[in-house]
Amino acid sequence: MMERKKTKACADQRLISGHEVPMLALVVVLIGVFLPLEMAMPFDMAQELAVQIKYDEDFARGKMLPLAAAAYSDNPQLCLTNLGKSLELKRLTSVICDITIIDKCTAFSAVSNDDKAIILSFRGTDRNTQLVVESDETMHKNHTPWVAGGVVSKYFNDGFMRIWKYGLKDDLAALQSQHAGYELWVEITTKITLPEDDCKSFLLQITGHSLGGAMASLAASYIAHNKLFPASKIKLVTFGQPRTGDKDYAAVVDKEVPYAFRITHAHDEVPHLPLENMEGYYHHKTEAFYNKGMGAGAHYYVCYDMGESTFCSDGNLLDTSTKDHLHYFEKDVSDYGIKGCK
Numbered sequence: 001m002m003e004r005k006k007t008k009a010c011a012d013q014r015l016i017s018g019h020e021v022p023m024l025a026l027v028v029v030l031i032g033v034f035l036p037l038e039m040a041m042p043f044d045m046a047q048e049l050a051v052q053i054k055y056d057e058d059f060a061r062g063k064m065l066p067l068a069a070a071a072y073s074d075n076p077q078l079c080l081t082n083l084g085k086s087l088e089l090k091r092l093t094s095v096i097c098d099i100t101i102i103d104k105c106t107a108f109s110a111v112s113n114d115d116k117a118i119i120l121s122f123r124g125t126d127r128n129t130q131l132v133v134e135s136d137e138t139m140h141k142n143h144t145p146w147v148a149g150g151v152v153s154k155y156f157n158d159g160f161m162r163i164w165k166y167g168l169k170d171d172l173a174a175l176q177s178q179h180a181g182y183e184l185w186v187e188i189t190t191k192i193t194l195p196e197d198d199c200k201s202f203l204l205q206i207t208g209h210s211l212g213g214a215m216a217s218l219a220a221s222y223i224a225h226n227k228l229f230p231a232s233k234i235k236l237v238t239f240g241q242p243r244t245g246d247k248d249y250a251a252v253v254d255k256e257v258p259y260a261f262r263i264t265h266a267h268d269e270v271p272h273l274p275l276e277n278m279e280g281y282y283h284h285k286t287e288a289f290y291n292k293g294m295g296a297g298a299h300y301y302v303c304y305d306m307g308e309s310t311f312c313s314d315g316n317l318l319d320t321s322t323k324d325h326l327h328y329f330e331k332d333v334s335d336y337g338i339k340g341c342k
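Residue 1 is where the sequence shown starts when you use the UniProt record's numbering, and the numbers rise one by one after that.
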């Protein structure tokens, strides 16, 4: 029987609510040991293993969820203004995603002067036709080799690459010149970096919901693999992210993006898609699973160092819900963003 606990820490130690379940992946980890699949470890050992990178619910709830929601708006600045005076939109970029010539992949770039962070947020699936095409191409068509290793969904890869090419490249160059010393977003064709000393004090924050979560995962992997920014300053937080690539891709993300959290809500169906190991798909770490509600003080599990675990959402494969996918932290994500995050 696993004991659920509520522990508190402040400032850099972060607020942790619920029970944290560390799982060691089937690769050599830093402490050089292996544990059987799904073996639970004592809570104090979990804290020791994850001492450097902890799930920060305040950060996820108060900052990253609103930023993910803002991507659903055609004017993300409305959300940014309501979130803080120092948040400034650079540009919203939309590109044709697939053969329908209607469905679009969308992202925006922004800057937070208070946080000394450059932000990239990807919009999730927002049309039924897009969901159909996305599902078909992800589950039934060839994978695409990924630059950092492994293979990923062709649909996710193509959407991400098009957004980089048709807008974000120019945006990031402009942000570099306008905000000297801030970390720089990656561009597709040319590697541009700031002096190493300038990068160390600033953050790169990447977020997304649903389809947007998959593309955010690719963005973080691309940036880290190409060493465009210090890996310690990249923060990836996704909501309701589908499986994006195979086990090799998951291993690359686990290795190169230390601060990566996939937040899942109870019966959300999308994190189960495509089915585990169908066409080789497998989640990267780290999952923060809210098995019931997502209100303030809600219990959650954090499954460290294991992309797939029955202690988290894999333990709930049969009873799934579209409603839970649309709602995170008690917000209808797209509606919340469209209404300006009010």
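Glycine is no exception: its CB is placed at the ideal position from the N, C-alpha and C atoms.
Fair warning: this is a prediction, and the values are worked out from it, not measured in the lab.
With a 10 Å radius around its C-beta and 16 neighbouring C-beta atoms as the bar for buried, classify THR238 as buried or exposed.
Buried.
Among PHE122, ASN316, ALA288 and ILE96, which residue has its Cα nearest to the Cα of LYS54?
The shortest Cα separation from LYS54 among PHE122, ASN316, ALA288 and ILE96 belongs to ALA288.
Helix, strand or coil for THR81? Go by DSSP, reduced to three states.
Here THR81 carries a helix assignment [DSSP, helix/strand/coil].
Use the C-beta contact count for THR322: other C-beta atoms within 10 angstroms, 16 or more gives buried, fewer gives exposed.
So THR322 counts as exposed.
For PRO145, is the classification buried or exposed, using 16 other Cβ atoms within 10 angstroms of its Cβ as the cut-off for buried?
With fewer than 16 Cβ atoms within 10 Å of its Cβ, PRO145 is classed as exposed.
How big is the Cα-Cα spacing for ASP335 and LYS85?
Rounded to whole angstroms, ASP335 and LYS85 show a C-alpha spacing of 22 Å.
Selection from TYR281, MET306 and LEU273 that minimises the alpha carbon distance to THR320:
The closest CA to that of THR320, considering only TYR281, MET306 and LEU273, is found on LEU273.
Starting from ALA260 and walking both ways along the beta strand (DSSP E), at which residues does that stretch end?
Membership of ALA260 in the beta strand (DSSP E) is indicated by the continuous run 260-265.
So, with DSSP's three-state summary, where would you put GLN178?
Helix.
For THR106, write down the residues that DSSP places opposite it in a beta bridge.
When beta bridges are read from the DSSP output, THR106 appears opposite SER94.
Mark LYS292 as exposed unless 16 or more other C-beta atoms lie within 10 angstroms of its C-beta, in which case mark it buried.
Result: exposed.
Out of ASP268, PRO271 and PRO230, which has the shortest C-alpha to C-alpha gap to VAL257?
Minimum Cα distance to VAL257 is reached at PRO230.
Report the option in LEU317, ALA260 and ILE263 whose CA atom is closest to the CA atom of GLU269.
Of the listed residues, the one whose Cα sits closest to GLU269 is LEU317.
Can you tell me the Cα-Cα spacing of GLY240 and MET306, whole angstroms?
Note on geometry: alpha-carbon atoms of GLY240 and MET306 lie some 17 Å from one another.
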